[in-house]
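For the sequence shown, my numbering begins at 1 and goes up steadily by one. Cβ coordinates follow ideal geometry from the N, Cα and C atoms, glycine included.
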Amino acid sequence: MINWKVLEKNEYTQLWNLIYNDFIFSPYSSKKLIELPYPHIIYNISSHYDEGYSEIFYKNLHKYAVNYFKKISNGGRIYALNWQHDCYSFDPYLPFEKDEFDEWLIPVFPNGDYLFFINNDLQEGVFCDGINLELSFFGQQSVEILEHENPIL
C-alpha cells in the first residue's frame with residue numbers, strides 16, 4: 001500500500017488514549033457512547049440500511065469524504081481509526097487503494113464498527129457509528145463546510 005500507512009503502536013496508543021479521554025469514548029457503556037467536541041453535526045444514516053445496501057450512496061459518501069478530508073487536512077495526513085482493529089493514516093490528495101472487496105481499508109460507511117477520521121491537529125473529523133447508524137462531524141471548520149455544502153446524507 002502506498003497511501004494507507006499502518007499506525008505504529010506508540011501512535012496508535014496515543015490516538016486511542018485521546019479518543020477515550022478527550023471524547024469520553026465508552027464503547028461498552030449503555031448510557032453514553034461518546035461526548036463529541038463542540039461544535040458538531042450528527043447525521044442519522046439508518047435509512048441507508050433499511051432498504052438494503054445502496055452502492056450509489058456508498059460511492060457518493062466516499063467521494064464526498066475525500067473532498068471533506070482534503071479541506072480539513074491542513075496539508076497533512078488524516079488518521080483513520082477502527083476500534084479494536086488496525087488503524088491507519090492517509091493523504092487525502094493521493095489515490096485510495098482498495099481491498100479485495102473494492103472498499104477502503106477503513107470505509108466511511110460504518111458497518112457495525114466504530115470509526116474515527118481525524119485530521120493531524122486532532123481538531124476536525126468524523127465519528128462513524130456503525131451501531132447507532134450515525135455520522136458525526138466535529139470541529140468548527142467541519143461544521144462550516146457542512147453548512148455551506150449541505151451534503152445529502
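Residues sharing a beta bridge with residue i, DSSP
i          : result
residue 82 : 115
residue 67 : In the DSSP output, where bridge partners are listed per residue, residue 67 has none listed.
The alpha helix (DSSP H) enclosing residue i, as first and last residue numbers
i           : result
residue 147 : 140 to 149
DSSP-derived helix/strand/coil call for residue i
i           : result
residue 90  : strand
residue 22  : helix
residue 5   : strand
residue 156 : This structure gives no information on residue 156, because the portion of the chain shown stretches from 1 to 153.
residue 57  : helix
residue 11  : helix
residue 29  : coil
residue 16  : helix
residue 106 : coil
residue 47  : helix
residue 34  : coil
Residue i and residue j closer than 8 Å at C-beta
i           : j           : result
residue 116 : residue 37  : no
residue 106 : residue 80  : yes
residue 74  : residue 3   : no
residue 143 : residue 136 : no
residue 145 : residue 68  : yes
residue 92  : residue 78  : yes
residue 124 : residue 72  : yes
Contact set for residue i: own chain, Cβ-Cβ below 8 Å, skip 5 residues either direction
i          : result
residue 32 : 24, 26
Same chain only: Cβ atoms within 7 Å of residue i, ignoring 5 sequence neighbours per side
i           : result
residue 1   : 97
residue 140 : 39
residue 6   : 86, 88
residue 99  : 105
Residue span of the beta strand (DSSP E) that contains residue i, given as start and end
i           : result
residue 43  : 40 to 44
residue 127 : 125 to 129
Residues near residue i in its chain [Cβ-Cβ closer than 6 Å; skip 5 each side]
i          : result
residue 61 : 108, 109
residue 44 : 134
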